[in-house]
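Residue numbers (this note's numbering): 1 to 573.
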């Protein structure tokens with residue numbers, strides 16, 4: 001028992017016994033009585049003072065807890081106000097981080113998104129507070145590895161909030177402890193951002209004192225994370241709808257205007273101009289696979305960006321094998337590729353000097369495919385270096401994906417027009433052939449009469465007579481005329497081509513005089529025939545016709561006179 005209780009009892013007992021035995025006077029008894037009462041009074045003061053101190057401590061703790069909850073409530077309220085006004089995701093994230101620091105009085109706040117890459121990296125999207133490069137120095141993932149088992153990675157991986165009460169002692173914080181202590185971080189909480197029960201990121205908050213997050217505060221911060229998730233998803237949905245509407249309008253415009261395009265080149269030009277007009281890219285070029293599929297070549301179109309004509313002419317000299325240069329890499333991967341600045345390593349962009357001269361800096365290569373085949377590679381340009389714009393990449397990629405079908409359809413129409421033209425040409429040739437066949441048949445009848453009469457004349461002439469040689473020339477010319485009619489009949493398919501081994505030198509000798517008269521006096525004919533007999537398998541009449549046509553073309557090409565040489569020889573190829 002306390003001394004204040006025992007002492008009065010002992011003194012009272014002594015007083016009682018003393019009085020009974022007569023050991024001390026009344027004054028001494030009063031003294032003992034006073035001492036015992038004072039002891040009781042002191043004890044009562046001590047007892048109630050302890051209770052008062054306990055009440056004060058509890059009240060102080062309650063006040064502190066209330067202040068923390070009020071700060072958290074105010075933080076949530078201000079963040080919700082920001083959500084209502086938000087129109088841009090990045091701006092929203094930064095505003096929320098700023099509110100957490102300014103209103104919530106925390107040390108650091110940052111938002112990280114879970115990347116779906118092989119490393120499962122956590123990409124910082126916004127940060128505020130006392131960072132001093134902390135976010136840039138830490139390497140955080142959401143994989144089940146050492147750098148993924150901290151609060152952030154675990155929260156994303158499990159979908160549950162993770163609290164680190166003391167960074168100094170928590171083993172999960174080992175990889176980042178030194179950097180955290182340097183910046184005064186003592187405790188932290190990581191809250192997953194969930195969309196349809198799937199975590200896609202985390203809200204991370206750090207405090208300067210250990211064990212800074214009590215149950216009520218955690219509940220409020222979780223509510224804040226849920227509200228922020230709603231805002232992010234709403235903004236992304238709104239942007240996606242706007243993007244889809246933009247894509248549909250652009251595609252509708254392109255499709256309507258492409259119907260008037262005469263060929264694939266015109267169709268691509270229309271598409272490029274509309275995309276540049278919508279996305280504000282300053283220039284675009286188109287690359288198509290060569291007929292043998294060995295490389296990409298410039299389509300040489302005159303689209304948006306007429307002031308970049310010098311660059312266009314320079315680029316026409318280039319071809320890009322698969323995997324080489326920006327067009328070649330896009331051709332190989334069949335995926336869009338962004339080059340933030342053409343003034344970088346030459347292996348990434350091969351026309352740096354020419355592009356820089358005309359003021360082209362950033363580039364985006366996009367494939368246009370159909371059934372998995374690359375029809376065209378479009379390369380768009382900006383006049384300033386630019387970081388990758390995901391919205392523009394998505395817009396152009398989506399439109400390009402639909403263009404493949406439109407361009408293929410236009411290409412099919414172009415091929416159909418060509419085939420129809422070829423068919424009409426064949427029909428014309430067939431009609432000409434029928435006409436030529438009829439003319440040749442009638443002309444052949446006339447030649448038969450000429451040949452017959454010339455033969456009769458020769459029969460009645462002396463071989464040494466000059467008239468005999470004239471008749472012989474009539475016969476030779478008539479024979480060539482007969483061969484010509486044979487060619488016309490062969491063209492009209494009314495007579496088969498008479499293919500057999502013939503001597504080429506003999507054919508040339510037989511028409512040498514005729515060619516001389518055909519080319520005229522201003523052109524000298526030089527014939528040099530091989531000493532060896534040259535045998536070819538052909539129709540002699542058609543060979544004669546070919547030589548006559550060549551002689552006629554040569555005469556027309558030399559109006560001022562010249563030399564025409566006909567040479568035969570055997571050459572091993």
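Note that CB positions come from ideal geometry on N, CA and C, so glycine has one too.
Note that this is a predicted model, so its numbers are computed, not measured.
Spanning the alpha carbons of residue 344 and residue 326 requires a straight line of approximately 12 Å. The DSSP-derived three-state label of residue 352 is helix. In the DSSP annotation of this structure, residue 142 is not part of any beta strand (DSSP E), being labelled neither H nor E. Bounds of any alpha helix (DSSP H) do not take in residue 298; it lies within the beta strand (DSSP E) bounded by 296-298. When 143, 121, 146, 145 are compared, the shortest CA-CA separation from residue 135 is found for 121.
Going by DSSP, residue 373 is part of no alpha helix (DSSP H) but of the beta strand (DSSP E) stretching over 373-382. In this model, residue 202 and residue 123 are separated by some 10 Å (Cα to Cα).
Runs of the beta strand (DSSP E) lying entirely within the segment 307-367, each at least 3 residues long, are 337-339 in chain order. If you draw a straight line from the Cα of residue 439 to the Cα of residue 319, it comes to about 52 Å.
The C-alpha of residue 291 is placed about 19 Å away from the C-alpha of residue 417. With a contact defined as Cβ atoms closer than 8 Å, residue 256 and residue 407 miss out at about 15 Å. Its Cα nearest to that of residue 158, the residue 200 stands out among 200, 481, 173. In summary, residue 181 is exposed, with fewer than 16 beta-carbon neighbours lying within 10 Å of its beta-carbon over all protein chains present. Taking the Cβ atoms as the reference, residue 365 lies roughly 6 Å from residue 377, within the contact range of under 8 Å. Cβ neighbours of residue 350 within its own chain (closer than 6 Å, five residues either side excluded): 325.
Non-local C-beta neighbours of residue 229 in its own chain, meaning closer than 7 Å and more than five positions away in sequence, comprise 193, 194, 195, ordered along the chain. Judged by beta-carbon spacing, residue 271 lies within the 8 Å limit of residue 403, meaning their Cβ atoms are closer than that value. Per the coordinates, the alpha-carbon of residue 88 lies some 44 Å from the alpha-carbon of residue 317.
With a threshold of 16 other beta carbon atoms within 10 Å, residue 237 falls short and is exposed. Distance from the Cα of residue 144 is smallest, within the candidate group 127, 125, 172, for 172. Contact between residue 518 and residue 551 holds: CB atoms are separated by about 6 Å, below the 8 Å threshold. For residue 516, there is no enclosing beta strand (DSSP E); the enclosing alpha helix (DSSP H) covers residues 504-519. Distance between residue 331 and residue 266, taken at the CA atoms: about 22 Å. Counting only runs of 3+ residues, the beta strand (DSSP E) found wholly inside the segment 95-119 occupies 108-114, in chain order. For residue 508, the closest C-alpha among the options 73, 130, 545, 421 is that of 545. In the DSSP assignment, residue 206 forms a beta bridge with 108, 188. Going by DSSP, residue 282 is part of no beta strand (DSSP E) at all; its letter is neither H nor E. Here residue 400 is buried. Its C-beta has 16 or more other C-beta atoms within 10 Å.
Distance from the CA atom of residue 94 to the CA atom of residue 141, rounded to whole angstroms, is 21 Å.
The DSSP-derived three-state label of residue 526 is strand. A distance below 8 Å separates the beta carbons of residue 179 and residue 137.
Here DSSP, grouped into helix, strand and coil, assigns residue 201 to strand. In the three-state reduction of the DSSP assignment, residue 481 falls in the helix class.
By the CB criterion at 8 Å, residue 218 and residue 161 fall inside the cutoff. Taking C-beta atoms as the reference points, residue 469 and residue 451 fail to come closer than 8 Å. Cβ contact annotation for residue 360 (same chain, cutoff 8 Å, sequence separation greater than five): 282, 283, 308, 311, 342, 381, 382, 383, in chain order.
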